[in-house]
Amino acid sequence: MKKRLALSMLASTVAFAGLVGAGTYAYFNDTETSTGNTVQAGTLEMTGFRNDIPIEGPMFYTSDGFGPDDAGVLGTGLWQPGDTHTRGMFIRNDGTLNAKLNKLFAEAQDDDAMAFAEQAHATIAVFEPDSNVFLNIDSSEYADLVDAIDQFYQTTFDDLMEAMFPGHDTMELEELKQAIKQVHGEVKRLLMEESFRVHVNGDPVNVNVQHVFQDQLSNLVGNDNIVDPGLQYVVEPGESLFFGYTVSFDDLTPEENNPLQGKEVKFNFGTEFVQD
Amino acid sequence: MSLKKQFAFTLASVGIGAALIGGGTFAYFNDTETSNNNTFAAGTIDLRPDLNGAAVFNIENAKPGDDWDVNYNLSNAGSLAANVNVTADYTADGNGDGSDIGTQLIVTDVQFGGQAVTVNDPNGGDLTLTDLDNANIELGALGADGAADDEKAITFKLTFKEANAPQNEYQGDSASVNLVFEARQQ
């Protein structure tokens, strides 16, 4: 009697112990599988181009030419102090992501270029993106647009210089530099309120200046020119921004300007866009 | 089992979040578009000849009634058109008696490239060499090198006035004029 009881108790205990530990369970279940979950990165791809003949090449060049090796038909000619020329480029968003303007910068080729940059101002007007307009402007409209910006800048600058500083012909160099900087600033302010007319398929369309960046060209050189957060213009896929670059060779004193006579200098003008 | 796996996954997410919050360099998408080799070529203005102080005219043994035609060529060897002006600086050597021969030397018919040049006469009457002291005279334009008008002659007539009376105080006198020609961009 005693023996039988002990055996059965032990056996039961063993059986229970087997149940309490970990191991495979049998239970009801059902599974659902979701396949092909992808993460695909969008693209940030901007394309820059002119819209005159020929399409490739720099914005600013000296001589006109129709040949395949020539830069184009909107040459600036030779520069002398007091000259202002405007040229432009389109930057189109060919990617899938919104692109935000992050930096505007220039690269100077050599010391002579930096010397020129110290005596020049760069004013970059950003026009509203509208692919209906900008992708449909032909080369003569493009030429008219840069010419209109140019005329506005030159006339406004000359008028304001006479009005604000009538005695500028006899100023000392430092005073003259300050006066010139101030007048450029005033022209910038007025340019920001300006709109220009182009013709798309014969119909007149106004294109508005969204923002203007301006500085002495020497300050644009270097890669640190992060655009102010409030001015980081966003371009949607398919849209273009038009940048009008107005470069002015400041009319300083003969002592200051003369060392640049006969010099030919080169710059790269760049824009950096980042994801929005 | 499923509980354990879920718990492990949550831990991993927190790990990623911690990495994002920290400072330092951010990785982001960007693209740069550059317009290359934009060229700015400055022109030149180069007035010729290179005088280095050389005299343009030299008159000797003058006497009342004499006249001389002065003719001097200026040219622009630069690539920019220019406007030319001249500044005169006059000095008299009165040979001890304080006489100024310049008052007897009359300047007429000043031309540049065959075009008459306007000269301001501060004292009225005849325009004399003395009148030209500290004068600045706009001569006219010179085209860029290669243009039809890149070279012009400055011409004028100089006459030793006849006073119909003795002018002996001027005997032995001399006078000199320094001229600074400037070509400026237009």
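So the protein lines, in turn, are chains A and B.
When you line the first sequence up against the numbering used here, it's residues 201 to 476, in that order.
When you line the second sequence up against the numbering used here, it's residues 894 to 1079, in that order.
Where a beta carbon is used, it is the ideal one built from N, C-alpha and C, also for glycine.
Predicted model only: the values in this text are computed from it and were never measured.
For N293 (chain A), collect the residues of the same chain with a Cβ closer than 7 Å to its Cβ; drop the 5 residues on either side in sequence, then sort them by chain order.
-> M246, A299, V435, E436, P437, G438 and E439
Roughly how far, in whole angstroms, is the beta-carbon of I999 (chain B) from the beta-carbon of T1052 (chain B), given that I think they are within contact range, below 8 Å?
-> 5 Å
Ignore the nearest five residues each way along the sequence and tell me which others in D960 (chain B)'s own chain have a CB closer than 8 Å to its CB.
-> K1050, L1051, T1052 and F1053
Member of A:V465, A:P429, A:G470 and A:G462 whose CA lies at the smallest distance from the CA of Y445 (chain A) | A:G470
What first and last residue would you give for the beta strand (DSSP E) that runs through G248 (chain A)?
-> M246 to F249
For Q475 (chain A) and chain B, any beta-carbon pair shorter than 8 Å?
-> yes
Under three-state DSSP, which class holds V1010 (chain B)?
-> coil
Measuring CB to CB, does V400 (chain A) end up less than 8 Å from V346 (chain A)?
-> no
N419 (chain A): first and last residue of the uninterrupted alpha helix (DSSP H) it sits in = L417 to L420
Pairing CB atoms from the stretch 931 to 940 of chain B with CB atoms from the stretch 268 to 280 of chain A, are three or more of them under 8 Å?
-> yes
Would you kindly work out how many angstroms separate the C-alpha atoms of V1070 (chain B) and V1010 (chain B), rounded to a whole number?
-> 19 Å
Does the beta-carbon distance from L376 (chain A) to T453 (chain A) come in below 8 Å?
-> yes
Over the uninterrupted alpha helix (DSSP H) stretch that includes D344 (chain A), give me the two end residues.
-> S339 to M364
Look up H321 (chain A) in the DSSP assignment and give the residues it is bridged to.
-> A:Q416 and A:S448
What span of residues does the beta strand (DSSP E) with V977 (chain B) cover, start to end?
-> A975 to D986
Rounded separation between P404 (chain A) and Q416 (chain A) - CA only = 34 Å
To the nearest angstrom, report how far apart T296 (chain A) and I349 (chain A) are at their CA atoms.
-> 32 Å
Just mark G915 (chain B) as buried or exposed, buried being the case when its beta carbon has 16 or more other beta carbons within 10 Å.
-> Residue placement at G915 (chain B) is flagged as unreliable, the pLDDT there being 45, under the threshold of 50; a coordinate-derived value is accordingly withheld.
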